[in-house]
Amino acid sequence: MRCYSCHRPSREVICDRCLQRDFRPVHRVRRIGSLEVHSFFGYPFLEPLLLTKHHPEGWRIYRWMARKFLAPFFETFGAGLEEDLFVLGIDEVPKRGYAHIAALTHELRHAPHIRPLHAKLLAGEHVSYAGRSLAYRLDHPRDFHYRGPRGIEAVLVDDVITSGITLQEGYETLRREEVDVLFAVTLADAEVI
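Numbering follows this note's numbering, in which position 58 of the sequence shown is assigned residue number 136; successive positions increment by one, without gaps.
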């Protein structure tokens, strides 16, 4: 296998040299309505890795990104907790053989007091927002449904925040279902260049 950055032989998605030199997460916080969204990279920087969700190797790459970029955040956050905090991925529906968001949330299971709940927040409408305008996104909601426990504290996880409409809709659905969403976490923010 080769490093996705320098193309030299590597056992990992990104070799140690490139990881240390080029892939340093910068924690950013963006507010979408009343939801706080934490991210670690600008979208253009991670775009080649994020687009692998459309290919079979994406499962391995998304799991690697979760271990390298999301897990350290959740390990630090979870260490200060006394009770479990649940992680809900946005629409963990398999496409092309796997669910790329489930690959992210699955890797968080080792963090202290962090418990992924898989495929509990699912879209009723499978609309693609890729390359679509804000007006289109607003006119075509995902119509999320929640099938998990109530009365819990949770964190939403997605790969990218663009307009924030998907995260906001998921957040509102969970609030109606008596789930206290503390914040959301994404790998990348499309607003950051």
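Built from N, CA and C at the ideal position, the CB exists for glycine as well.
### Query
What is the C-beta distance between V104 and F118, in whole angstroms, given that I count them as a contact (C-beta under 8 Å)?
Position 26 of the sequence shown holds residue 104. Position 40 of the sequence shown holds residue 118. Rounded, the Cβ-Cβ distance is 7 Å, consistent with contact.
### Query
Nearest-angstrom Cα distance between R229 and R193?
In the sequence shown, the residue the question calls residue 229 occupies position 151. In the sequence shown, the residue the question calls residue 193 occupies position 115. Reading the sequence as shown, one finds Gly at residue 229 and not Arg. Distance between the alpha carbons of G229 and R193: 15 Å.
### Query
Can you give the Cα-Cα distance for L260 and L252, rounded to whole angstroms?
Looking up residue 260 in the sequence shown gives position 182. Looking up residue 252 in the sequence shown gives position 174. Their backbone Cα atoms lie some 11 Å apart in a straight line.
### Query
How would you label L216, buried or exposed, when you count the other beta carbons within 10 angstroms and need 16 or more for buried?
Mapped onto the sequence shown, residue 216 falls at position 138. Classification of L216: exposed, given that the 10 Å Cβ count is below 16.
### Query
Would you report the Cα separation of D221 and P87, rounded to the nearest angstrom?
Here residue 221 refers to the residue found at position 143 of the sequence shown. Here residue 87 refers to the residue found at position 9 of the sequence shown. Taking the CA atoms as reference points, D221 sits about 44 Å from P87.
### Task
Can you say whether E170 is buried or exposed, counting buried as having 16 or more other CB atoms within 10 angstroms of its CB?
Mapped onto the sequence shown, residue 170 falls at position 92. With 16 or more Cβ atoms within 10 Å of its Cβ, E170 is classed as buried.
### Query
G167: buried (16+ other C-beta within 10 angstroms of its C-beta) or exposed?
On the sequence shown, residue 167 is found 89 positions in, with the first residue counted as 1. With 16 or more Cβ atoms within 10 Å of its Cβ, G167 is classed as buried.
#### Entry: Three or more C-beta pairs below 8 Å linking the stretch 134–144 and the stretch 178–189
They touch, by the three-pair rule.
### Query
Alpha carbon to alpha carbon, what distance is there between A213 and L148?
Counting from 1 along the sequence shown, the entry for residue 148 is found at position 70. Counting from 1 along the sequence shown, the entry for residue 213 is found at position 135. In a straight line, the C-alpha of L148 is about 31 Å away from that of A213.
### Message
Taking its Cβ as the centre, do 16 or more other Cβ atoms sit within 10 Å of E185, making it buried, or is it exposed?
### Response
Within the sequence shown, numbered from 1, the residue matching residue 185 stands at position 107. Here E185 is buried, its C-beta having at least 16 other C-beta atoms within 10 Å.
### Query
Looking only at DSSP bridge pairs, what is I179 linked to?
Translated into positions along the sequence shown, residue 179 becomes position 101. Its beta-bridge partners do not exist; DSSP assigns none.
### Task
For my contact list, V165 and T183 are in at a C-beta cut-off of 8 Å; report their separation, rounded to the angstrom.
Numbered from 1 along the sequence shown, position 87 holds the residue referred to as residue 165. Numbered from 1 along the sequence shown, position 105 holds the residue referred to as residue 183. Confirmed, Cβ separation roughly 5 Å.
### Task
Going by DSSP, name the residue or residues bridged to F119.
What you label residue 119 is simply residue 41 of the sequence shown in a count that begins at 1. A266, per the DSSP bridge assignment.
### Endpoints, the alpha helix (DSSP H) within which L163 is located
Residue mapping note: residue 163 aligns to position 85 of the sequence shown, counting from 1. Where L163 is concerned, there is no enclosing alpha helix (DSSP H), although the beta strand (DSSP E) it sits in stretches over L163 to G167.
### Task
Pair every Cβ in the stretch 234–249 with every Cβ in the stretch 121–137, then say whether three or more of these pairs are closer than 8 Å.
In short, these stretches touch, since the Cβ pair count reaches three.
### Query
G111: buried (16+ other C-beta within 10 angstroms of its C-beta) or exposed?
Here residue 111 refers to the residue found at position 33 when the sequence shown is read from its first residue. Per the 10 Å Cβ criterion, exposed.
### Message
Going by DSSP in three states, P87 sits in which element: helix, strand or coil?
### Response
Walking along the sequence shown from the start, residue 87 turns up at place 9. Here P87 sits in strand by DSSP.
### Query
How far does the beta strand (DSSP E) with F222 in it reach, from first residue to last?
Here the question's residue 222 lines up with position 144 in the sequence shown. Boundaries of the beta strand (DSSP E) harbouring F222: F222 to Y224, taken from the DSSP string.
### Query
Does the Cβ-Cβ distance between S83 and D100 come in under 8 Å?
Here the question's residue 83 lines up with position 5 in the sequence shown. Here the question's residue 100 lines up with position 22 in the sequence shown. Their beta carbons are under 8 Å apart, which means S83 touches D100 by this criterion.
#### Entry: Length at least 3, wholly inside the stretch 88–161: the beta strand (DSSP E) runs in chain order
Taking only runs of at least 3 residues, the beta strand (DSSP E) segments lying wholly in the stretch 88–161 are 106–110 and 113–117.
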